[in-house]
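Everything below concerns the one structure shown next.
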Amino acid sequence: MAEGNTVSTSGLGVRDVTISYGGDPVVRDVSLDIPDGELSVIIGPNGCGKSTLLKSLARVRKPDRGQVLLHGRDLWSYRGRQAARHVALLPQNPVAPDGITVRDLVRRGRYPHHTLLRQWSPGDDAAIEFALERTALHDLAHVRATELSGGQRQRAWVAMVLAQQTDLLLLDEPTTFLDIAHQYELLELCRELHGEGRTIVAVLHDLNQAARFASHLVVMREGRVVTQGPPAEVLTSELVADVYGLPCDIVPDPRTASPMVVPHDRR
Amino acid sequence: MTVVRIGRVIAVPVGRAGAVAAAAVVALVAVAAVATLSLGRLGIPVADLPQALFGGAEGKAAFVLGRLRGPRLVVGIGTGAALGLSGALFQTVTRNPLGSPDVIGVSAGAGAGAASAALFLPGLLPVPLGALAGAVLAMAVVYVSTGTGFQNPGRLIVAGIGVSAISVALTQYVVYAVERDKATVLMAYLNGSLSARSWDHAVTIWLVVLVCAPLVALLARRLDMTELGDELAAGLGAEPGPTRTAAVTLSVVLSAAAVAVAGPIAFIALTAPQIARRLTGGPGPHLLLSALVGTLLLVLADLAAQQLPLPGNLPVGVYTMAVGGLYLGYLLTREWRKGTL
């Protein structure tokens, strides 16, 4: 089996993928390769199909047409657990089962590494410890997930997908419902993981956060990928006006010099 | 959490709280079983039980053990387990403590199926098969009429109430249509009764439980995963759709088998998984513990039905309905307050 098509891809990508929920397609003929070792951020207006595209990359939503490829093979030809050892998805609304502790929640991330009869694997303890350590949840391991604060709970979910030990980590709007401090805390964590060589794809709403943390920006509109590349090249006032219909200036972020969106007053 | 290992192939983590609770419930079932066999005028004294059970029983003891209480107890244990398991499966799939087979119309449908079989196809369609057909038909109607399958608990309950009402109406019609002596027998059956069970009933329910139990065990981990929400479960490779379908199928088969041998005994399937959940305090469907608690509840209720000095030899279903009704009220109020209904 060939390992990927070119040197720079992570081995995960879509070819001519179209997905609809009954009516008009929400993703139209999209082809996209996830670049290896990058923190890719997908942005776009509400309903542009970015979450749906992410779900198809994680073998959660099957495309109506086209293919999702993992290392040159159709993702749906993998068995569920086999695919889940390569790609992990943190969806928008995960449910914490009643009474579950943080450690047990993180342990569920080990499911893809188990079999029907062997529901424990030698790497479990190390992977769980690593995930708890990385997310600074070690002291809260025995606390019930329902008793955590919003920021802590989101970190627990990230710990769960970290324990999955995949090359690729997909995060669907991981900062929603968090206050601004916790949003940045979570994004910093993503950046650290990226710095350690992990490939991450996140769907984000906030353009300034996307520009600041992404190493690769993918812009979608009406089910199609409009453009992609480094944020400094991609995020222009023309693009924002075109994709979002929002007149704005792009100025350098005073802290990081990444592009920052300053909308025009409409009075 | 300890990992139980058998060779290199099998390794299963076992929670301590669950194991302790399971052992305690098994002990209580044993006590209730001994009481069932030895209490009352016809009971076999406890001192004579080992001799009667293992050394061969004679005379009165043989009659009580072989005909009167033995089959009843064995049917009760199997039926309670089937109901507890069925409820745990359904509640996990619907993520709702009210998503129990009797609340959403499995039992009523099975009752109507059994009654229809007795009236329209006497001798042709055995009553247990009629019960299974009724249960499956009722579930099919619920599945279609919610518009979202078994996904939305609120709709599921409303559809279930509707299907239950239609089923009960059909059952009532059958009871009025058949001759009076048959109707009395049918009525006792439709309340849920363990009296006058035979070894045939015992074989039926145990066969179904023993076939379903390993399948449920194989499904257990995937069910754990569906608790995390469909998208996360799918991302982890747990295939929530097929898992849900398999769980609902097993649940319907188990509760239909229970109805076939003992009539629609109310509320065991609803309460057993909830009690199991509170015994451990942890997450997960608690499948084994729910089965054990179901057994304990039914054996205790039948013990009460046999030994309480109430007139008219009330069938066990009346007891479970009285206790379970109170519990359902409590549960509804609590869910209402939590805003999860």
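Residue numbers (the numbering used here), protein chains in the order written: chain A, 4 to 270; chain B, 486 to 826. No residue lacks a Cβ here, since even glycine has one placed at the ideal position from N, Cα and C. Bear in mind that the values here come from a model prediction, so they are computed numbers and not experimental data.
Three-way DSSP call (helix, strand, coil) for proline 611 (chain B) in this model: coil
Minimum Cβ-Cβ distance from tyrosine 114 (chain A) to chain B less than 7 Å: yes
Bridge partners - aspartate 175 (chain A), DSSP secondary structure assignment: A:Val206
Aspartate 101 (chain A) at chain B interface by Cβ criterion, 7 Å: yes
For valine 146 (chain A) and alanine 5 (chain A), the rounded distance between their alpha carbons: With a pLDDT of 40 at alanine 5 (chain A), under the threshold of 50, the modelled position of this residue cannot be trusted; read the value that follows with caution. Each residue's alpha carbon lies about 45 Å from the other.
Within 7 Å, strictly: CB atoms of valine 105 (chain A) and isoleucine 131 (chain A): no
Within-7 Å CB hit, glutamine 83 (chain A) to chain B: Looking at the sequence itself, residue 83 (chain A) is glycine, so the reference to glutamine does not match. For glycine 83 (chain A), the answer is yes, since a Cβ of chain B falls inside 7 Å of its Cβ.
As assigned by DSSP and simplified to three states, the class of cysteine 193 (chain A): helix
7 Å Cβ cutoff, valine 497 (chain B) in contact with chain A: yes
Interface flag, proline 768 (chain B) vs chain A, CB-CB below 7 Å: yes
Chain-ordered neighbours of leucine 830 (chain B) on chain A, where CB pairs are closer than 8 Å: No answer is possible for residue 830 (chain B): the residues shown for chain B start at 486 and end at 826.
Leucine 173 (chain A) beta carbon less than 7 Å from that of leucine 92 (chain A): yes
Interface positions of the region 40-54 of chain A facing chain B (Cβ-Cβ less than 9 Å), listed along the chain: none
Status (buried if at least 16 other CB within 10 Å, exposed otherwise) for aspartate 107 (chain A): buried
Where valine 17 (chain A) falls, given that 16 or more other Cβ within 10 Å makes a residue buried: buried
Own chain, CB closer than 7 Å to tyrosine 628 (chain B), minus 5 neighbours either side, in chain order: Gly634, Phe635
Residue-level contact to chain A via CB, leucine 713 (chain B), 7 Å cutoff: yes
Same chain, Cβ closer than 6 Å to tyrosine 24 (chain A), neighbours up to 5 away in sequence not counted: none
Exposure label - histidine 686 (chain B); buried when at least 16 CB within 10 Å: buried
Proximal residues to valine 237 (chain A) (C-beta, below 8 Å), its chain only, five neighbours per side dropped: Leu220, Val222, Thr230, Gln231
Within-7 Å CB hit, valine 629 (chain B) to chain A: no
Best match in A:Thr202, A:Thr169, A:Asn211, A:Val161 for proximity to leucine 189 (chain A) [C-alpha to C-alpha]: A:Val161
is_contact[glycine 503 (chain B), chain A] using C-beta, thresh 7 Å: no
Other residues of its chain near threonine 21 (chain A): CB distance less than 7 Å, five sequence neighbours each side excluded: Pro28, Val30, Arg31, Asp32, Pro66, Asp67, Arg68, Gly69
Distance between beta carbons of proline 749 (chain B) and serine 592 (chain B), contact taken as under 8 Å: 4 Å
Neighbourhood of isoleucine 495 (chain B) by C-beta distance below 6 Å, restricted to the same chain and skipping five residues each side: none
Contact with chain B by alanine 61 (chain A), beta-carbon distance below 7 Å: yes
Any beta strand (DSSP E) of 3 or more consecutive residues that is wholly inside the region 684-727 of chain B: none
Three or more C-beta pairs below 8 Å linking the region 547-554 of chain B and the region 605-614 of chain B: no
DSSP state of proline 768 (chain B) mapped onto helix, strand, coil: coil
C-beta neighbour in chain B for glutamine 168 (chain A), strict 7 Å: no
CB-CB length for glycine 26 (chain A) against arginine 224 (chain A), believed under 8 Å: Contact flag wrong, Cβ pair sits at about 18 Å.
Within chain B, partners of alanine 139 (chain A) - CB distance below 9 Å: Under the 9 Å cutoff, chain B gives no residues; its nearest Cβ is about 22 Å from alanine 139 (chain A).
Any C-beta of chain A under 7 Å from that of glycine 809 (chain B): no
Between the CA atoms of arginine 76 (chain A) and glycine 7 (chain A) - distance to the nearest angstrom: At glycine 7 (chain A), the pLDDT of 39 sits below 50, so the modelled position is not reliable; the number obtained from the coordinates is stated separately. Their backbone Cα atoms lie some 9 Å apart in a straight line.
Contact with chain B by alanine 260 (chain A), beta-carbon distance below 7 Å: no
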